[in-house]
Amino acid sequence: MTIQIHNCKIKKDGTEKVSSLSWTFEKGENWLILGANGSGKSDFIQALSNTKGYEVEPLSNDGLYANGFTNSITMVSLETAASLIEEERVLDEGDYCEGGVDIGRTGAAYIGEVLKPEELRQLCGKAGDILLEADKRGIARPKTLPKEGVEKLSLYPEVQLCGISAILDRGLKYLSTGEIRRTLLCRALLSRCNLLILSDPFAGLDVQSRTILMDFFAMVGTRKGQGAPGLLLSMERYTDIPDSISHVLEFTEGRVSFEGTKTAYEAYLLEKNTDKEAQKEKERKEFITELEAIYKEPDLHIQQPLPPSVPLVEMKKVTVGWGEKKVLSNLSWTLMQNKHWLIRGPNGSGKTTFLELITGDNMQVFSNDVSIFGRRRGTGETIWELKARMGIVSYRLHLEYRMVGGTDLEAVLLSGFHDSIGLYEQRSPVEQMIAKKWLK
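329 is the number of the first residue of the sequence shown in the working numbering; add one for each residue after it.
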């Protein structure tokens, strides 16, 4: 199977995104697709994966688009993971469940959706027929696989390669960032797709997940033509490049700026970056000078500094868990001003729970001894008083903005001045000026 694009453009909902494109993907090749946000890279992979609203259109009579993978393409991305979690939220039936908790679809049930009927029967026995009957009748399958099915599925080479054997019976919405992306990858492999598109696969992954992903790329490289899918790896920067990548396609401002072998791209990159760093440092210094002047504007509300001796965060013998499972146990920790910490640990080890005690997104903070900015939680402070002193970037925040919808980019940035999800205040000229400086 191959993909041929000759003298075409890419459009989204009628708007041109990539102005001119000629490119060929041959069997046995694995391509790295590079480009900054807005360069055309994302539009390219969305068009190849047949995303609604995208089309590849010939520019002239000799223009050609032939995609031999049309019905056998799977894309795994941050957006795929976010949409899956959003779907699980919508389908949550906790209000009707005993104990008020609906774990939703498990990883095993989600992976089982792509297995062929004979595989499902072999995996689940008679229960497999019940699942297939649900498909036939057009009703939702059970949200879990039977125990014997989960045990057999955990032994599949693809499941072990993706490192998810131990989490197959956990609800999708309870998986960490790395766990859910590894589950998506495993599902893609078991779907037997012929072309796998991975968008920013290393973003947000811990060391274990990154190692698993690199092992997967190594497997693809050694099994060319032996059942391994063709690979398109989409990334913003040329870092952590697997050995199995053979070619590079780079987009800049809606056009192809490089197409060729990985070796040729490395030579091109070396030449391109010669004076880039010097220019970058010059612009950084100019920006800091401009920003210092802006922050002296009288209309801009700046939080008064805390006394130097007041800890930013203080936790004493904190324990957080659900039922018998303890995520954090007897943890004491202090963050003093002007100290900078790295929070490490594999996906699912408690990093997110730990941070949510600080940001106020975990209600168990009130049953523990946790002080933020010198005030113990639960002593009359509001969450907004605390968040006014915090700058937060997180996967949860990403999901919350998806739920708001319809918020333009400037409003997202300006909402940071008001500690809100979405903007509900008038836009001040000073705030807009600062937002534009940061964007630049």
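Ideal Cβ positions, reconstructed from N, Cα and C, are used throughout, including at glycine.
- The beta carbon of LEU512 sits closer than 7 Å to those of VAL404, THR408, ALA409, all from its chain and outside the five residues before and after it, given in chain order.
- Taking LYS590 as reference, the option from GLU476, HIS334, THR330, TRP359 with the minimal CA-CA separation is TRP359.
- Here the alpha carbon of GLN760 sits roughly 15 Å from the alpha carbon of TYR752.
- The Cβ atoms of SER367 and PHE579 lie closer than 8 Å to each other.
- For VAL576, the three-state secondary structure derived from DSSP is strand.
- By the 16-neighbour rule on beta-carbons within 10 angstroms, VAL648 is buried.
- Per DSSP, reduced to three states, the secondary structure at MET664 is coil, with no helix or strand assignment.
- Put simply, the backbone Cα of SER699 is about 28 Å away from that of ASP534.
- Here PRO474 is actually not in contact with ALA462; their C-beta atoms are around 14 Å apart, not less than 8 Å.
- The Cβ atoms of THR402 and LEU524 lie closer than 8 Å to each other.
- Only residues of its own chain outside the window of five on either side were considered, and among them LEU500, LYS501, ILE508, LEU727 have a CB closer than 8 Å to the CB of ILE413, listed in chain order.
- Distances from the alpha-carbon of LEU725 to those of ASP528, THR687, ARG520, LEU448 put THR687 closest.
- Here GLN632 is exposed. Its C-beta has fewer than 16 other C-beta atoms within 10 Å.
- Here PHE682 has LEU656, ILE671 as same chain residues with Cβ atoms under 7 Å from its own Cβ, once five neighbours each way along the sequence are excluded.
- Counting only unbroken stretches of 4 or more residues, the alpha helix (DSSP H) elements lying wholly within the stretch 386-420 are 406-418, in sequence order.
- In this structure the stretch 490-498 touches the stretch 434-441; the number of beta carbon pairs closer than 8 Å is three or more.
- By alpha-carbon distance to ARG612, the top candidate from GLU581, PRO470, LYS768 is LYS768.
- Annotation: the stretch 619-699 contains the following complete segments of the beta strand (DSSP E) (minimum length 3 residues), in chain order: 641-650, 653-663.
- Residues THR662, LEU663, MET664, GLN665, SER699, GLY702 of the same chain have their beta carbon placed closer than 8 Å to that of PRO639, with the five preceding and five following residues left out of the count.
- Taking the CA atoms as reference points, PRO445 sits about 17 Å from ALA516.
- The three-state secondary structure of LEU503, taken from DSSP, is coil.
- One alpha carbon belongs to GLU479, the other to CYS521, and they sit about 24 Å apart.
- Judged by DSSP in its simplified three-state form, GLY558 adopts strand.
- One Cα belongs to GLU652, the other to ASN690, and the distance between them is close to 18 Å.
- At the C-beta level, SER527 and LEU362 stay beyond 8 Å of one another.
- Here the C-alpha atom of THR617 lies approximately 13 Å from the C-alpha atom of TRP766.
- Counting the other CB atoms within 10 Å of its CB gives VAL418 a total below 16, which places it among the exposed residues.
- Note: ILE373 is not bridge-paired with any residue in the DSSP secondary-structure output.
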